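Student: Each residue of the sequence shown is one higher than the one before, counting from 37 in the numbering used here.
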Amino acid sequence: MQAERDELVKRVFPLLRRRCEQRGVAWSEVDLRWGVTDEQAAEGEVLPICLAEIERTRPYFIGLLGQRYG
């Protein structure tokens, strides 16, 4: 799903951000793979970190899932 992620980051998200800003709506994208260290992954902290990030985005969250597992 790397090609799709690149397309989202380079083309789709900037367009969405501009359109939202024109309407006075804040838009920010979050990739749950960003910022998680190898140490955090080894200690089983990935799920709590990701869930906390999702909670922070309330009241709205749009999730895009790929085929990667683990």
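We treat Cβ as the ideally placed atom computed from N, Cα and C, and that holds for glycine.
This one's a predicted model, so the numbers in the text were calculated from it and none came from an experiment.
(1) Between which two residues does the alpha helix (DSSP H) holding A62 run?
(2) Do you know whose CA, among E81, E75 and V66, lies nearest R92's CA?
(3) Rounded to whole angstroms, what is the Cα-Cα separation between F97 and E40?
(4) Closest by CA to V72, which one among R55, F49, V61 and P84?
(5) Give the single residue among R69, W63, Q103 and D74 whose Cα lies nearest to the Cα of L87.
Tutor: Working from what's here:
(1) No alpha helix (DSSP H) contains A62, which DSSP labels as neither H nor E.
(2) V66 is the residue among E81, E75 and V66 whose C-alpha sits nearest the C-alpha of R92.
(3) In a straight line, the C-alpha of F97 is about 19 Å away from that of E40.
(4) When the alpha-carbon of V72 is set against those of R55, F49, V61 and P84, the nearest one is in P84.
(5) Measuring from the Cα of L87, the nearest candidate turns out to be R69.
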